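Read through the structure below, which is laid out as structure tokens, and then see the notes.
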Amino acid sequence: MNPGSSLRIGRIFGIPIYIHASWIFLFVLITISLGVQFTQQHPQWTPTQHWSVGILTSILFFASILFHELSHSVVARAYKIRVDSITLFVFGGVARIANDPPKAIQEFNIAIAGPISSLILGGAFYALTLIFPYDTMTGALALWLAGINATLAIFNLLPGFPLDGGRIFRAIVWGITKDFTRSTKVAGTSGKIVAYAMIVFGAWYALSKGQWQQGLWYAFIGWFLLSAAQESVAQIAVKETLTGLQAADVMSQEVPIIPREISLEDYGHEVLRTGRRCHLVVTDERLVGMMNVNTLNSVPRDEWAHMSVQAVMIPREKILWAAPEEPLLGLLERLLAADVNQMPVVSGGENGESNNAHIIGMITRDSILRVMRTRAEVGPVVPAK
Ligand SMILES: [Zn+2]
């Protein structure tokens, strides 16, 4: 889900398309297994034919998944819901839709568009097999793609979050109960049930039928679904606990500062003495940068004595800022996306650049996690208005 381990391959309808690293592994695996399958089933073909049909089939499989995700995206767009990106994974793809659809019927239509498009594709490939017999290259390719698209449609219709079927299920529960959070929990739970069922089925298949490869494959998909279901439920929990909170609510008001000319050795002592992990670097009462333990540790220890803080600090223009009124949920996402642990909170100026802007506190990932833990312990809260 994080574009960090993904490769951007292009843009369609203005939506950036990524391939997850795991997909490249799958592409190779499928191409090899298709090459082997075609070699066994079509001894009259040349090896070049076996492998080129194998590669072409793999590419069209990839295109089929992309088509599936694009169909979700097109429906979302029709409802004026932004689509940030599409990432292709081992088991399909994820269209990252900027926000949850405001209406249950919209979510239903966005979700069902994918399986329908896969079924249509499967039907089209099946129609090709009626024209081209299986011993032709087109026929062999079309039959495999007809099967895989039908499988994709059916698998995605399983009623567990985060699959399309889970979204469809959530939309139905949401439409009936009018309670979005509850419907997500229900869909998350059914996602876990589907996942456990798949793991148990895979184990049974491997043990009782001796079909190790197939069984392990089912169990692996189940395990993948389980973690995805847990993640989507956790996301909802995070959203719930952070609703109504702003940066100013949980920031720490103490802002430790250090001068820029001290050595890294001295900075290390300061960190050890105070336990503070992040400092603003100030000279003549002017902010010039930020220094923290990660940056310190990125420098080999034997160089600490003759290097100054200024040489390695994060320069002022690269510091990410938070506004005191920034909602905590978005801020946490920003911290995670940028992979930083803390941000200064600045009041009275965009991005801390104007002259009357001043730093009023520091916000850290830890402080956000602490408030989440506390809120989870105390129980549901009514957000103060
Ligand atoms: Zn889908």
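Here this note's numbering runs 4 ahead of the position in the sequence shown, where the first position is 1. For each residue, glycine too, the CB sits at the ideal point set by N, CA and C. From a predicted model like this one, the values you see are computed outputs, not experimental measurements.
May I ask whether a heavy atom of ligand 1 can be found less than 6 angstroms away from the beta carbon of Gly-118? Yes, the beta carbon of Gly-118 sits closer than 6 angstroms to at least one heavy atom of ligand 1.
For ligand 1, is there a heavy atom less than 6 angstroms away from the beta-carbon of Asn-4? In this structure the chain extends from 5 to 389, so residue 4 is not present and cannot be described.
Within the present structure, is the beta-carbon of Asp-104 separated from the nearest heavy atom of ligand 1 by less than 6 angstroms? no
For Leu-220 versus Val-198, is the C-beta distance shorter than 7 angstroms? no
With DSSP as the reference, please indicate the residues paired to Ala-326 in a beta bridge. Checking the DSSP bridge columns, you'll see Ala-326 partnered with Val-349.
Under 6 angstroms Cβ to Cβ from His-54, same chain only, skipping five residues before and after it: list those, please. Gly-39, Phe-42, Thr-43
From the DSSP output, read off the bridge partner residues of Pro-331. Gln-250
Under 8 angstroms Cβ to Cβ from Tyr-22, same chain only, skipping five residues before and after it: list those, please. Pro-7, Ser-10, Leu-11, Arg-12, Ile-13, Ser-89, Ile-90, Thr-91, Leu-92
Exposed or buried, what is Trp-178 when buried is set at 16 or more other beta-carbons lying within 10 Å of its beta-carbon? By the neighbour-count rule (16 or more Cβ atoms within 10 Å), Trp-178 is buried.
DSSP has Arg-15 in a bridge; who is on the other side? Pro-20
With distances taken Cα to Cα, identify the nearest neighbour of Ala-80 among Gly-118, Leu-300, Ala-191. Gly-118
Opposing strand residues paired with Thr-35 [DSSP bridges]: Answer by DSSP bridge pairing: none, since Thr-35 is not bridged.
Using the Cα positions of Val-78 and Leu-167, report the straight-line distance between them to the nearest angstrom. The alpha-carbon of Val-78 is positioned some 18 angstroms away from that of Leu-167.
Where does the unbroken beta strand (DSSP E) through Pro-263 begin, and where does it stop? 261–263
Bounding residues of the beta strand (DSSP E) (the contiguous stretch that carries Arg-290): 290–296
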